[in-house]
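Asks: Here it is, the structure, as structure tokens.
What follows is the structure, encoded as structure tokens:
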């Protein structure tokens, strides 16, 4: 039902945008239509004359002129405004109903001589929305996700980590990343960020800009259980804390 509503909403936005474009082209002085035809003609003629200098000049004049014409239309501004409103609404919905990260393990057998264990995860890449691990006990599986806008919260206190190295990899555009690690687990952290604060246990970088930060706990190399954390964040804060 929700997906149908979103599809209908997008269809209405597209229909209104087309009507606005036709209205602008029909009731104005015809300059928009004339310039559109002119720039498209320049692009066509320029492609025919490539790689001559005159062909390059016509082609790029047409490309630039067509781009400027589209950018100055009411329809294009309407699409930008509608996209911004949709992003804000989606972000607000995600704050109320966060997606829960809950990996599971599926065992399958092949026709070969030995069994093959295929790990499948319910974790999905999310463009908009807050992600978090469940509040109850869950089965561990390495995490490798990427997101657009929203917060990501991973709590390792509700799972049992296997022997060896567990991996958490999170790539995100905008939002905060919070990872909670038990006291008896050693960690290594490699973080790349364009803008935002970084807090790793007691160490705080208030505002880092375009930095690559590496941290490793003292007993990491010798620990039987450890977590390797790799994060990449355009704008937002990273916090790794003990639980």
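In the UniProt record's numbering, the protein residues as written are 1 to 243. Cβ coordinates follow ideal geometry from the N, Cα and C atoms, glycine included.
#1: Rank 243, 132, 168, 180 by C-alpha distance to the C-alpha of residue 231 and give the top, closest one.
#2: Near residue 223, what residues of its chain come up, given a Cβ to Cβ distance below 6 Å and the 5 sequence neighbours on each side ignored?
#3: Under a three-way DSSP split, which group does residue 60 fall into?
#4: Do you know how far the Cα of residue 88 is from the Cα of residue 264?
#5: State whether the segment 234-242 contacts the segment 192-200, with contact taken as three or more CB pairs (one from each stretch) at a distance under 8 Å.
#6: If we ignore side chains and look at the alpha-carbon of each, how far apart do residue 234 and residue 125 end up?
#7: With H, G and I counted as helix, E and B as strand and the rest as coil, what does DSSP make of residue 223?
#8: Return the bridge partner residues of residue 153 from the DSSP annotation.
#9: Counting only the same chain and skipping the five closest in sequence on each side, list residues whose C-beta sits under 8 Å from that of residue 47.
#10: Taking one C-beta from the segment 170-179 and one from the segment 203-215 each time, how about it: are there three or more such pairs within less than 8 Å?
#11: Compute the distance between the beta-carbons of residue 228 and residue 165, then report whether it is under 8 Å.
#12: What do you reckon, are the CB atoms on residue 91 and residue 128 nearer than 8 Å?
#13: Looking only at its own chain, which residues have a Cβ that is under 7 Å from the Cβ of residue 162, when we skip the five neighbours before and after it?
Replies: Result, derived from the coordinates:
#1: What you label residue 231 is simply residue 231 of the chain shown in a count that begins at 1. Nearest to residue 231 by alpha-carbon distance, out of 243, 132, 168, 180, is 168.
#2: Against the chain shown, residue 223 aligns to sequence position 223. Closer than 6 Å at the Cβ level, and outside the excluded window around residue 223, lie 186.
#3: To locate residue 60, count along the chain shown from 1; it is residue 60. In this structure, residue 60 counts as helix in the three-state DSSP scheme.
#4: Here the chain comprises residues numbered 1 to 243, so residue 264 is not present and cannot be evaluated.
#5: Yes, since at least three Cβ pairs between the segment 234-242 and the segment 192-200 fall closer than 8 Å, the two stretches touch.
#6: Position 234 of the chain shown, counting from 1, holds the residue named residue 234. Position 125 of the chain shown, counting from 1, holds the residue named residue 125. Each residue's alpha carbon lies about 16 Å from the other.
#7: As a position in the chain shown, residue 223 is number 223, starting the count at 1. Collapsing the DSSP output to three states places residue 223 in coil.
#8: Here the question's residue 153 lines up with position 153 in the chain shown. Residue 153 is bridged to 132, 178.
#9: For the purposes of this step, residue 47 is identified with residue 47 of the chain shown, where counting begins at 1. Excluding positions up to five away in sequence, the list reads 55, 59.
#10: No: fewer than three Cβ pairs fall under 8 Å.
#11: As a position in the chain shown, residue 228 is number 228, starting the count at 1. As a position in the chain shown, residue 165 is number 165, starting the count at 1. Yes, they are a contact pair.
#12: Residue numbering aside, residue 91 sits at position 91 when the chain shown is read from its first letter. Residue numbering aside, residue 128 sits at position 128 when the chain shown is read from its first letter. Contact flag set, yes.
#13: Residue mapping note: residue 162 aligns to position 162 of the chain shown, counting from 1. Correct list, in chain order: 140.
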